[in-house]
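*Asks:*
Residue numbers (this note's numbering): 1 to 93.
See below:
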């Protein structure tokens with residue numbers, strides 16, 4: 001299913017139109033919350049494994065995964081992001 005959203009090295013293209021999709025098709029909104037989870041986390045493409053590289057990148061991209069408390073305490077959010085991404089950035093550690 002993932003591959004039908006990939007074309008010519010670009011990810012998250014509408015399989016019917018070929019147009020870029022604004023929101024990742026695998027992000028699922030949690031009910032009764034302003035938060036999302038990744039529906040393909042364990043099988044996500046390399047582009048997703050490397051994203052985000054920084055909290056600033058997430059803010060610039062208006063990433064759906066940012067929560068209000070992350071914006072209010074950016075230092076803690078940066079530490080949390082580094083911890084979460086360490087497994088993907090340094091898989092041999």
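Cβ atoms here follow ideal geometry from the backbone N, Cα and C, with glycine treated the same way.
Buried or exposed for residue 81, going by 16 or more other Cβ atoms inside 10 Å?
*Replies:* Translated into the one-based positions of the chain shown, residue 81 becomes position 81. So residue 81 ends up on the buried side.
*Asks:* Terminal residues of the continuous beta strand (DSSP E) containing residue 48?
*Replies:* Here the question's residue 48 lines up with position 48 in the chain shown. Not the beta strand (DSSP E): residue 48 falls in the alpha helix (DSSP H), residues 46-50.
*Asks:* Please report how far the alpha carbon of residue 11 lies from the alpha carbon of residue 20, in whole angstroms.
*Replies:* Along the chain shown, read from residue 1 onward, the residue named residue 11 stands at position 11. Along the chain shown, read from residue 1 onward, the residue named residue 20 stands at position 20. Answer to the nearest angstrom: the Cα atoms are 8 Å apart.
*Asks:* Quick check on the DSSP output: what are the complete alpha helix (DSSP H) runs of length 4 or more inside the stretch 47-76, in order along the chain?
*Replies:* 55-60 and 68-72, all fully within the stretch 47-76.
*Asks:* Taking the CB atoms as reference points, tell me whether residue 63 and residue 52 lie closer together than 8 Å.
*Replies:* Along the chain shown, read from residue 1 onward, the residue named residue 63 stands at position 63. Along the chain shown, read from residue 1 onward, the residue named residue 52 stands at position 52. A contact, by the Cβ cut-off of 8 Å.
*Asks:* What three-state label does DSSP hand residue 34 in the structure shown?
*Replies:* As a position in the chain shown, residue 34 is number 34, starting the count at 1. Three-state result, residue 34: coil.
*Asks:* Taking 8 Å as the limit between beta carbons, can you name the residues of its chain near residue 78, skipping five residues before and five after?
*Replies:* For the purposes of this step, residue 78 is taken as residue 78 along the chain shown, with counting starting at 1. Result list for residue 78: 54 and 55, in chain order.
*Asks:* With residue 27 as the anchor, note down where its beta strand (DSSP E) starts and where it stops.
*Replies:* As a position in the chain shown, residue 27 is number 27, starting the count at 1. Where residue 27 is concerned, the enclosing beta strand (DSSP E) stretches over 27-29.
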